[in-house]
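Report on the structure given below.
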Amino acid sequence: MTVQYKFPEGFWWGSATSATQIEGAANEAGKGKNIWDHWYEAEPNRFFNNVGPETTSNFYYQYKEDIQLMKEIGHNSFRLSISWSRLIPNGRGEVNPEAVTFYNNVIDELLANGIEPFVTLYHFDMPLEMQNIGGWENREVVDAYQAYALQAFQLFGDRVKKWFTFNEPIVPVEGGYLYDFHYPNIVDFKKAAQVAYHTVLAHAKAVQAFRGWNKDGDTKIGIVLNLTPSYPRSQNPFDLKAANICDLFFNRSFLDPAVLGEYPEELVEILREHGQLPNVEQGDLELMKENTVDILGVNYYQPRRVKAKEHLPNPYSPFMPEWFFDSYEMPGRKMNPYRGWEIYEKGIYDIMVNLKENYGNVESFISENGMGVQDEERFLQDGQIQDDYRIEFIEGHLQWLHKSIEEGCNVKGYHLWTFMDNWSWSNAYKNRYGFISVDIKTQQRTPKKSAYWFKNVATNNGF
Ligand code: BG6
Numbered sequence: 001m002t003v004q005y006k007f008p009e010g011f012w013w014g015s016a017t018s019a020t021q022i023e024g025a026a027n028e029a030g031k032g033k034n035i036w037d038h039w040y041e042a043e044p045n046r047f048f049n050n051v052g053p054e055t056t057s058n059f060y061y062q063y064k065e066d067i068q069l070m071k072e073i074g075h076n077s078f079r080l081s082i083s084w085s086r087l088i089p090n091g092r093g094e095v096n097p098e099a100v101t102f103y104n105n106v107i108d109e110l111l112a113n114g115i116e117p118f119v120t121l122y123h124f125d126m127p128l129e130m131q132n133i134g135g136w137e138n139r140e141v142v143d144a145y146q147a148y149a150l151q152a153f154q155l156f157g158d159r160v161k162k163w164f165t166f167n168e169p170i171v172p173v174e175g176g177y178l179y180d181f182h183y184p185n186i187v188d189f190k191k192a193a194q195v196a197y198h199t200v201l202a203h204a205k206a207v208q209a210f211r212g213w214n215k216d217g218d219t220k221i222g223i224v225l226n227l228t229p230s231y232p233r234s235q236n237p238f239d240l241k242a243a244n245i246c247d248l249f250f251n252r253s254f255l256d257p258a259v260l261g262e263y264p265e266e267l268v269e270i271l272r273e274h275g276q277l278p279n280v281e282q283g284d285l286e287l288m289k290e291n292t293v294d295i296l297g298v299n300y301y302q303p304r305r306v307k308a309k310e311h312l313p314n315p316y317s318p319f320m321p322e323w324f325f326d327s328y329e330m331p332g333r334k335m336n337p338y339r340g341w342e343i344y345e346k347g348i349y350d351i352m353v354n355l356k357e358n359y360g361n362v363e364s365f366i367s368e369n370g371m372g373v374q375d376e377e378r379f380l381q382d383g384q385i386q387d388d389y390r391i392e393f394i395e396g397h398l399q400w401l402h403k404s405i406e407e408g409c410n411v412k413g414y415h416l417w418t419f420m421d422n423w424s425w426s427n428a429y430k431n432r433y434g435f436i437s438v439d440i441k442t443q444q445r446t447p448k449k450s451a452y453w454f455k456n457v458a459t460n461n462g463f
């Protein structure tokens with residue numbers, strides 16, 4: 001077979017998941033409650049079809065079978081997260097021995113099957129006890145997180161070589177403190193800025209703990225960011241300015257401190273001018289400067305399209321990023337008809353070129369990219385989901401990723417979101433993304449067509 005798009009030797013092929021979304025056993029085996037367990041109990045109607053995270057895809061009990069499936073479909077790597085409230089039920093203090101056994105077993109099983117674990121420490125799942133003292137608004141939680149991170153390095157770091165402090169840390173800021181789609185459902189920019197700042201600080205403190213602990217040069221640490229390129233409607237300076245501000249708020253607010261060790265001055269100026277700067281304590285900025293990442297995970301689903309504001313915001317309305325730009329639906333854009341997000345494959349290339357040109361060509365991975373589909377059973381034929389649309393989606397993105405590598409971008413892997421159909425935050429099972437379909441009632445797993453297509457890609461290191 002001719003391989004037209006050949007990837008570099010040692011490229012990582014696999015898929016990504018997160019603890020709350022796949023493990024299940026949410027109220028078992030010594031796990032403490034996190035904000036998702038709590039929010040679901042309090043407001044089940046905020047979740048699609050009133051379905052919460054108690055069972056999900058049952059990975060806690062079926063991980064061996066799942067790892068066999070990963071092997072079967074050619075994975076050489078797998079991204080998972082540790083549940084903080086499973087490992088340390090109250091967020092700080094006692095470690096749960098059953099969680100230590102579980103994560104040890106999963107890591108050992110992966111390695112025994114030739115699959116490299118990529119481990120995220122925090123994927124949206126704040127322990128409830130920590131939220132009850134203010135969550136990321138409270139600096140005590142930053143210190144508790146640092147202690148949790150160090151605990152995880154000490155317990156599992158002899159085998160885990162790729163660590164990520166946070167998954168998409170801006171999402172809990174947006175969801176929980178700006179746009180009301182995550183607990184604690186606060187809408188307050190000043191708090192959002194403080195929460196974002198404390199998350200960056202927690203990340204830097206975890207990196208600091210890692211540097212103090214890690215004696216092995218092969219073991220690396222990074223962060224996973226959803227980098228969403230902001231494309232202006234036109235080259236008109238007002239549209240360009242709108243896109244730049246959007247980029248500052250939604251990408252560079254985390255990317256710059258994580259990779260370069262400092263906030264963009266332009267962003268600081270905007271916040272200062274509008275009285276929205278967070279509280280910063282002495283020594284914080286130096287700590288961030290000294291603790292930048294080795295590696296970066298990039299989640300890419302869709303771009304943002306923005307234009308200059310048509311109407312000036314009411315100066316008496318509460319401050320929001322949207323004071324500076326409007327969203328814009330580009331005519332003729334390609335849409336995912338089954339999820340409602342734009343598909344723009346070249347975005348993945350633009351992100352990588354930006355990292356090469358402006359971020360020291362930091363070693364990176366695609367840590368999530370994927371296509372959500374509602375009612376995917378409609379594509380079931382002879383017992384298998386015929387997801388040609390997903391194959392086309394992945395192929396289109398891989399072509400652009402390949403081009404970026406040819407041009408010298410430092411990309412080392414591609415992980416699809418996600419391994420198997422799973423529970424998603426308030427969307428529950430609405431959108432399916434997996435290589436493997438899961439019958440939630442019987443927990444029966446069946447690989448989709450894309451799983452075997454991807455196996456070929458992984459086996460040939462290209463397509
Ligand atoms: C990603 C998150 O941004 O989006 C995942 O990291 C999430 O955790 C995925 O499941 C898909 O989201 P949704 O809302 O389409 O199910």
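Take 1 as the starting number for the sequence shown in UniProt numbering and just add one per residue. Virtual Cβ for every residue (Gly too), placed ideally from N, Cα, C.
*Pick from 414, 341, 238, 263 that is closest to residue 248, judged by C-alpha positions*: Start at 1 with the first residue of the sequence shown, and residue 248 comes out as number 248. Closest by alpha carbon: 263.
*What are the residues that DSSP puts in a beta bridge with residue 297?*
Residue mapping note: residue 297 aligns to position 297 of the sequence shown, counting from 1. In DSSP, residue 297 forms a bridge with 224, 365.
*Compute the Euclidean distance between the alpha carbons of residue 244 and residue 394, then round it to the nearest angstrom.*
Taking the first residue of the sequence shown as position 1, residue 244 is located at position 244. Taking the first residue of the sequence shown as position 1, residue 394 is located at position 394. The straight-line gap from Cα to Cα measures roughly 28 Å.
*Give me the Cα-Cα distance between residue 254 and residue 224, rounded to the nearest whole angstrom.*
In the sequence shown, residue 254 corresponds to position 254, counting from 1. In the sequence shown, residue 224 corresponds to position 224, counting from 1. One C-alpha to the other measures close to 10 Å.
*Work out the CA separation of residue 314 and residue 70 for me, nearest whole Å.*
Along the sequence shown, one-based indexing puts residue 70 at 70. Along the sequence shown, one-based indexing puts residue 314 at 314. The alpha-carbon atoms of residue 70 and residue 314 are separated by roughly 53 Å.
*Applying the criterion that 16 or more other CB atoms from any shown protein chain within 10 Å of the CB defines a buried residue, is residue 327 buried or exposed?*
Counting from 1 along the sequence shown, the entry for residue 327 is found at position 327. Exposed is the call here.
*In chain order, what residues of the same chain have a beta carbon less than 8 Å from the beta carbon of residue 374, not counting five sequence neighbours either side?*
Translated into positions along the sequence shown, residue 374 becomes position 374. So the list reads 338, 339, 430, 431, 432, once near-sequence residues are dropped.
*asked:* Suppose the cutoff is 6 Å on Cβ atoms and the five residues either side in sequence are ignored; what does the same chain contact list for residue 421 look like?
replied: Your numbering for residue 421 matches position 421 in the sequence shown. These residues qualify, in order along the chain: 432, 434, 437, 438.
*Minimum length 4: unbroken alpha helix (DSSP H) runs contained in the region 293-344*: none
*Tell me whether residue 431 counts as near the ligand BG6, meaning its Cβ is closer than 7 Å to at least one heavy atom of that ligand.*
Within the sequence shown, numbered from 1, the residue matching residue 431 stands at position 431. Result yes, Cβ under 7 Å from the ligand BG6.
*Per DSSP, the bridge partner or partners of residue 290*: Translated into positions along the sequence shown, residue 290 becomes position 290. Per DSSP, none; premise fails for residue 290.
_Can you tell me whether residue 299 sits near the ligand BG6, meaning its C-beta is under 7 Å from at least one heavy atom of the ligand?_
Start at 1 with the first residue of the sequence shown, and residue 299 comes out as number 299. Result yes, Cβ under 7 Å from the ligand BG6.
_Just checking residue 251 against the ligand BG6 - is the residue's beta carbon closer than 7 Å to any of the ligand's heavy atoms?_
Position 251 of the sequence shown, counting from 1, holds the residue named residue 251. No, since every heavy atom of the ligand BG6 falls outside the 7 Å radius drawn around the Cβ of residue 251.
*Would DSSP call residue 445 helix, strand or coil?*
Residue numbering aside, residue 445 sits at position 445 when the sequence shown is read from its first letter. Three-state DSSP puts residue 445 in a strand.
*Can you give the Cα-Cα distance for residue 101 and residue 86, rounded to whole angstroms?*
As a first step, residue 101 is located in the sequence shown; it is residue number 101 there, counting from the start. As a first step, residue 86 is located in the sequence shown; it is residue number 86 there, counting from the start. Within the model, the alpha-carbon separation for residue 101 versus residue 86 is close to 11 Å.
_Can you list, in chain order, the residues of its chain with a C-beta nearer than 7 Å to that of residue 139? Leave out the 5 residues immediately preceding and following it._
Stepping through the sequence shown from its first residue, residue 139 is reached at position 139. Excluding residues within five positions, the ones whose Cβ falls inside 7 Å are 198.
*Go through its chain and collect everything with a Cβ distance to residue 97's Cβ below 8 Å, but skip five positions before and after it.*
Counting from one through the sequence shown, the residue named residue 97 turns up at place 97. Correct list, in chain order: 30.
*Leaving out five residues before and five after residue 359 in sequence, what residues of the same chain have Cβ atoms less than 6 Å from its Cβ?*
Here the question's residue 359 lines up with position 359 in the sequence shown. Result list for residue 359: 259, in chain order.
*Using alpha carbons as the reference points, say which of 88, 163, 99 lies closest to residue 117.*
Here residue 117 refers to the residue found at position 117 when the sequence shown is read from its first residue. When each option's Cα is compared against that of residue 117, the closest is 163.
*Is the distance from the Cβ of residue 363 to the Cβ of residue 403 below 8 Å?*
To locate residue 363, count along the sequence shown from 1; it is residue 363. To locate residue 403, count along the sequence shown from 1; it is residue 403. No, the pair does not count as a contact, with Cβ atoms beyond the cut-off.
_Let me check you understand the geometry: is the CB of residue 424 closer than 7 Å to at least one non-hydrogen atom of the ligand BG6?_
Taking the sequence shown and counting its residues from 1, the one referred to as residue 424 is at position 424. Yes, Cβ of residue 424 sits closer than 7 Å to a heavy atom of the ligand BG6.
*Find the nearest neighbour of residue 369 within the set 107, 81, 301, 427, judged by alpha-carbon distance.*
Numbered from its first residue, the sequence shown carries residue 369 at position 369. It is 301 whose Cα lies nearest to the Cα of residue 369.
*Assuming residue 356 and residue 410 form a contact by the criterion Cβ under 8 Å, report the distance between their Cβ atoms to the nearest whole angstrom.*
Within the sequence shown, residue 356 is the residue found at index 356, counting from 1. Within the sequence shown, residue 410 is the residue found at index 410, counting from 1. With 8 Å as the limit, residue 356 and residue 410 qualify as a contact, their Cβ atoms being about 7 Å apart.
*DSSP state of residue 12 mapped onto helix, strand, coil*: Looking up residue 12 in the sequence shown gives position 12. Strand, per DSSP.
*asked:* At the level of alpha carbons, what is the spacing between residue 378 and residue 448?
replied: Taking the sequence shown and counting its residues from 1, one reaches residue 378 at position 378. Taking the sequence shown and counting its residues from 1, one reaches residue 448 at position 448. Cα to Cα, residue 378 sits roughly 13 Å from residue 448.
*Per DSSP, what kind of secondary structure is residue 22 in: helix, strand or coil?*
In the sequence shown, the residue the question calls residue 22 occupies position 22. Three-state result, residue 22: helix.
*Would you check whether the ligand BG6 has a heavy atom nearer than 7 Å to the C-beta of residue 49?*
Taking the sequence shown and counting its residues from 1, the one referred to as residue 49 is at position 49. No, the ligand BG6 has no heavy atom inside 7 Å of this Cβ.
*With distances taken Cα to Cα, identify the nearest neighbour of residue 423 among 43, 42, 47, 41.*
Sequence index remark: in the sequence shown, residue 423 carries index 423 (1-based). Of 43, 42, 47, 41, the smallest CA-CA separation from residue 423 is found for 47.
*Host beta strand (DSSP E) of residue 231 (start-end)*: Along the sequence shown, one-based indexing puts residue 231 at 231. Taken as a continuous stretch (DSSP letters only), the beta strand (DSSP E) holding residue 231 covers 230-232.
*3-residue-minimum beta strand (DSSP E) runs that sit fully inside the region 130-172, ordered along the chain*: For the region 130-172, the continuous beta strand (DSSP E) assignments of 3+ residues that do not extend past its boundaries occur at 162-167, in sequence order.
*residue 417 - containing beta strand (DSSP E), residue span*: Residue numbering aside, residue 417 sits at position 417 when the sequence shown is read from its first letter. Per DSSP, residue 417 belongs to the beta strand (DSSP E) from 411-417.
*Roughly how many angstroms lie between the CA atoms of residue 229 and residue 65, to the nearest whole one?*
The residue you call residue 229 lines up with position 229 of the sequence shown. The residue you call residue 65 lines up with position 65 of the sequence shown. Near 38 Å, if we compare the C-alpha coordinates of residue 65 and residue 229.
*asked:* Tell me the DSSP secondary structure of residue 426 in three-state form.
replied: Numbered from its first residue, the sequence shown carries residue 426 at position 426. Correct three-state label for residue 426: coil.
*Any idea which residues DSSP pairs residue 28 with across the strands?*
In the sequence shown, residue 28 corresponds to position 28, counting from 1. Bridge partners of residue 28: none, in fact.
*With C-beta atoms as the reference, is residue 426 less than 8 Å away from residue 156?*
Mapped onto the sequence shown, residue 426 falls at position 426. Mapped onto the sequence shown, residue 156 falls at position 156. Not closer than 8 Å, so no.
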